[in-house]
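Q:
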Amino acid sequence: MSAEIHFPQWPVEVVRRIAAERGARVWPVGGSVRDALMGRARHDWDFAVEGDALGLARTVADTLGGAFYPLDEERDTGRVILWREERRIELDFARLRGPDLESDLRGRDFTVNAIAVGPGGELIDPTGGLADLQARLVRAIGPEAFDQDPLRMLRAVRLAAELGFRLEEQTSRWIAQRARELLRSSPERVRDEFVRILNAPSVAYYLQILDELGLMDFIIPEVDALREQQQTSPHRFNVWWHTLMTVEAAENILHILGVLRGEMETLYVDAPTWAWDDVREMLEPFAALLTDHLRQPVAFRRYRRTLSILAALLHDIGKPLTCTEEVKPGEEKIVLHFYGHENVGARLAADRMRALRFSRAETDAVARMIRAHLRPSFLADAPGGVTGRAAYRFFKATGESGVEVVLLALADHLSIWGPNLQPDRWERRLEAARRLLTYYSERVGQKGQPRLVTGEDLMQELGLSPGPQIGRLLEAIQEAQAEGTIRTREEALDLARRMVQGR
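In this text, residue positions in the sequence shown follow this note's numbering: the first is 4, and each later residue adds one.
#1: Buried or exposed, going by whether 16 or more other CB atoms sit within 10 Å of the CB of S35?
#2: If I'm right that L162 touches V141 with Cβ under 8 Å, what's the distance once you round it to whole angstroms?
#3: For the beta strand (DSSP E) that D103 lies in, which residues bound it at each end?
#4: Does the region 26-34 come close enough to the region 67-86 to have 3 or more Cβ pairs within less than 8 Å?
#5: Could you tell me whether the Cβ atoms of H416 and D319 are closer together than 8 Å?
#6: Can you give the Cα-Cα distance for T294 and E403, rounded to whole angstroms?
#7: Pair every Cβ in the region 349-364 with every Cβ in the region 270-289, then say whether three or more of these pairs are closer than 8 Å.
#8: Judging by CA-CA distance, which residue of E105, Q299, I178, S380 is the nearest neighbour of A414?
#9: Please return the same chain residues whose Cβ sits closer than 6 Å to the Cβ of Q410, not counting the five positions on each side in sequence.
#10: Find the nearest neighbour of L99 within the set L126, A56, V63, judged by alpha-carbon distance.
#11: Return yes when the Cβ of L154 is within less than 8 Å of the Cβ of R192, no when it is not.
#12: Give me the Cβ distance between A400 and A368, rounded to the nearest whole Å; I'm assuming they're in contact under 8 Å.
#13: What span of residues does the beta strand (DSSP E) with Y342 cover, start to end?
#14: Pick out whichever of R61, A358, Y443 has its Cα sitting closest to the Cα of R392.
#15: On the criterion of 16 or more Cβ atoms from any shown chain inside 10 Å, does R20 qualify as buried, or is it exposed?
#16: Count the C-beta pairs between the region 53-70 and the region 79-96 that are closer than 8 Å, then say yes if the count reaches three, no if not.
#17: Whole angstroms is fine: what's the gap from P471's alpha carbon to A364's?
#18: If you draw a straight line from the C-alpha of I222 to the C-alpha of T366, how long is it?
#19: Going by DSSP, what residue range makes up the alpha helix (DSSP H) through D150?
#20: Would you report the Cα separation of A60 and T309, rounded to the nearest angstrom?
#21: Count the other CB atoms, across all protein chains shown, that sit within 10 Å of the CB of G42; report buried if there are 16 or more and exposed otherwise.
#22: Assuming Q180 and K322 are in contact, meaning their beta carbons sit under 8 Å apart, how far apart are those beta carbons, in whole angstroms?
#23: Alpha carbon to alpha carbon, what distance is there between N116 and E105?
#24: Just how far apart, CA to CA, sit G458 and Y395?
#25: Taking 7 Å as the line, does the beta carbon of A97 fall inside it for any heavy atom of the ligand FAD?
#26: So, helix, strand or coil for A298, using DSSP?
#27: Can you give the Cα-Cα distance for S188 and A358, rounded to whole angstroms?
#28: For V409, which of helix, strand or coil comes out of DSSP?
#29: For F303, which option in V503, P102, R199 has the closest C-alpha, if you only look at C-alpha atoms?
#30: Taking the beta carbon of Y72 as the centre, do at least 16 other beta carbons fall within 10 Å, making it buried, or is it exposed?
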């Protein structure tokens, strides 16, 4: 990495020119400098201003045709939002936090964010940020960084995850000593940093880092019980380790689909290579459709793929509350059961997501995924496998989240069995997934199956009165249509007539 950096003329030189006209001095600083040194794409820019930062921001917005927003008038901080080539760009302006630029930099959070660029392209780096970039380390400038804003503890892990860096040892100790202080941060801020970790590569590894630092206890406290909850065959590990394996498997499936860039990792999940080849082959016909689905936003900068990882993280949080023991006759070995853990887990997950201020749509989607995550396996082992009627009922129960449930069930199975994967059992699950995704693909392509009859048709043709019976008849007709046993209006009316007559 060079000790000098040359920013593009737009917007840095434009901002510098406007600042000079106003008699102010300005420096690009922080993440934008860090990313430029690393050769990463830059769309957001941070500027430290000696002088009137809000006034400069307003003038920049007016000059470039952007929108101006005051972020913190007391601290003289504002944002300009621009659109360039259909891309949103944010320029943040903040008055120096201290008597001069060096004081400002020394008062920041991490060394890699405490670098500025002078007008000649020279780096201003009083805390050794360039050396830490070269060593790929996230190092706090001092413990007071976390005392001033406890959310920076979570941000340290997020920064390491997004950059692929390690936490410096002293920084890790400072965080571990202060983990409880994360409770001082608002749930919304915790949620936003946590989501960025869920969106980063190698998410299972950084979730483990959060746990080792003690931060997970104050993000998702239910994890504490997962560490202590043992499981019996075919499980091989406690619930927390199985959870990390499932998260990694879910991330790998997103890589296979092309939703995420980069390569698969197997730091945790130990399924055989041929199993991943099977997943790739089975998903290939659906890849484009599923990728479009999983990249859909559910909230600002939160996507369906994010919720799929979150569901993998939370899918077994109901196990500690549902654990029962059974001693089989003639055997001394204890077998553990977790009957109903999917329903309890869905409730716990919804409660936790509400506490973190996720939207209702996100909360409902993740709860549905967890409540249904065992259903694909049940269908796989049912006589006849996944019928059209079963697929209809599955997607009626899971809605748009059904796709994520199918993928979560595969990730869960791979994590449970690992190198002990049984080919026959595994093939049934692949076939169940294939049939469910085929049904979904055909339904999406047709915008839903055509309605053969309406409630009014049933009342007119069969002489029925309005009431719950009409709904039950329409539901039975839709299931039979999904099964393929009826295809016409006449067949639908005949089925309804037979049901009314009890035949």
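Built from N, CA and C at the ideal position, the CB exists for glycine as well.
A: With the given structure in hand:
#1: buried
#2: Going by Cβ atoms, the distance from L162 to V141 rounds to 5 Å, so yes, they are a contact pair.
#3: Looking at the DSSP string, D103 is not in any beta strand (DSSP E), and its letter there is neither H nor E.
#4: In short, these stretches do not touch, since the Cβ pair count stays below three.
#5: No, these two residues do not count as a Cβ contact at 8 Å.
#6: 13 Å
#7: Contact between the region 349-364 and the region 270-289 is absent, because fewer than three Cβ pairs lie under 8 Å.
#8: Taking only the C-alpha atoms, the option nearest A414 is S380.
#9: Residue identity differs from the one stated: residue 410 is Leu in this sequence, not Gln. Counting only Cβ-Cβ distances below 6 Å, and skipping sequence neighbours, we find I256.
#10: A56
#11: yes
#12: Contact flag wrong, Cβ pair sits at about 13 Å.
#13: DSSP places Y342 in no beta strand (DSSP E); its state is neither H nor E.
#14: Of R61, A358, Y443, the residue nearest in Cα terms is Y443.
#15: R20 is classed as exposed because its beta carbon has fewer than 16 other beta carbons within 10 Å across all chains shown.
#16: yes
#17: 28 Å
#18: 16 Å
#19: 147-151
#20: 33 Å
#21: exposed
#22: 31 Å between Cβ atoms; not a contact.
#23: 13 Å
#24: 20 Å
#25: Here there are no bound small molecules, and the ligand FAD is not part of this structure.
#26: The sequence given here places Arg at residue 298; Ala does not occur at that position. Three-state DSSP puts R298 in coil, outside helix and strand.
#27: Taking the straight line from one Cα to the other gives about 13 Å.
#28: Three-state DSSP puts V409 in a helix.
#29: R199
#30: exposed
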